[in-house]
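Heads up: the sequence shown at position 170 corresponds to 175 in the numbering used here, and the numbers run straight through without jumps. Ideal Cβ positions, reconstructed from N, Cα and C, are used throughout, including at glycine.
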Amino acid sequence: MSSEAVPKPWHREPWPWILMAGPAIVVVAGIVTTVLAVTSSDGMVADDYYKQGLTINRVIERDARARSLGITAQVTFNEERDGVRVMLASNAPLPGALKLRIIAARRDADQAIELRHAGPALYEGRLTPPRGTHWRLALEDAAGTWRVTGKSPSPLGEGRGEGGGEGLSITLGSAD
């Protein structure tokens, strides 16, 4: 008598399951991706990205205009860091007022100071003493037609500035 091996049913064999696992995983991943795409936001940073791009071009134009006018500024903070004085040099007529923006790494610490004309090429203003962190400074005319920028060499809230008893002094813009 011969004993033939009785074949197992297909669902008891490992190979069909191994072959079906790949497409089944892809179908599940597709469903998960579809659910995530439908239920979450599209992740767009801004709805008006085109307008923001145009604004960047205007900012670059303002920097170039300041260079073409030969505008430079010496910004000096007093020792208490609650007063600021700006000496402005320019090949163009000087404006009646300036705006100084102090831009911190943390958005809640930013400040905008209105500077009043206090003498020939001299502007002064008051501010809240900045906390000890590095800052970027942006000085512009009231109309916003030009802008010069710079960075603080050390935290504005710490240490002593250049020049002994005076406060911190920072040069903005360049004469090139």
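Mapping the DSSP letters down to three states, classify residue i as helix, strand or coil.
{"i": "Leu103", "result": "strand"}
{"i": "Thr133", "result": "coil"}
{"i": "Lys13", "result": "coil"}
{"i": "Ser73", "result": "helix"}
{"i": "Gly169", "result": "For Gly169, the predicted model reports a pLDDT of 42, less than 50, meaning its position is unreliable and no value from the coordinates is stated."}
{"i": "Asp146", "result": "strand"}
{"i": "Ala126", "result": "coil"}
{"i": "Arg63", "result": "helix"}
{"i": "Ala26", "result": "helix"}
Hey, how far is the Cα of residue i from the Cα of residue j?
{"i": "Gly124", "j": "Leu105", "result": "17 Å"}
{"i": "Arg141", "j": "Leu74", "result": "22 Å"}
{"i": "Thr39", "j": "Ile30", "result": "14 Å"}
{"i": "Ala109", "j": "Trp22", "result": "60 Å"}
{"i": "Thr81", "j": "Ile118", "result": "14 Å"}
{"i": "Leu24", "j": "Ile65", "result": "59 Å"}
{"i": "Ser157", "j": "Tyr54", "result": "30 Å"}
{"i": "Arg111", "j": "Gly35", "result": "40 Å"}
Beta-carbon within less than 7 Å of residue i's beta-carbon, same chain only, minus the 5 sequence neighbours each way: which residues are those?
{"i": "Gly178", "result": "Ala71, Ile76, Thr77, Ala78, Val153"}
{"i": "Gly168", "result": "Low per-residue confidence applies at Gly168: pLDDT is 40, beneath 50, and the placement is therefore not dependable, though the value from the model is reported in the following sentence. Contacts found: Ser174."}
Using DSSP bridges, identify the partner residues of residue i.
{"i": "Trp140", "result": "Ala109"}
{"i": "Gln116", "result": "Ile107"}
{"i": "Ile175", "result": "Val80"}
Counting only the same chain and skipping the five closest in sequence on each side, list residues whose C-beta sits under 8 Å from that of residue i.
{"i": "Pro12", "result": "none"}
{"i": "Thr150", "result": "Arg67, Arg70"}
Considering only residues of the same chain and omitting the five flanking positions on each side of residue i, which have a CB-CB separation below 6 Å?
{"i": "Asp115", "result": "Ile108, Ala109"}
{"i": "Leu41", "result": "none"}
Are there three or more Cβ pairs, one per stretch, closer than 8 Å when the stretch 114–128 is compared with the stretch 84–95? yes
Is there contact between the stretch 103–122 and the stretch 141–150, where contact requires at least three CB pairs shorter than 8 Å? yes
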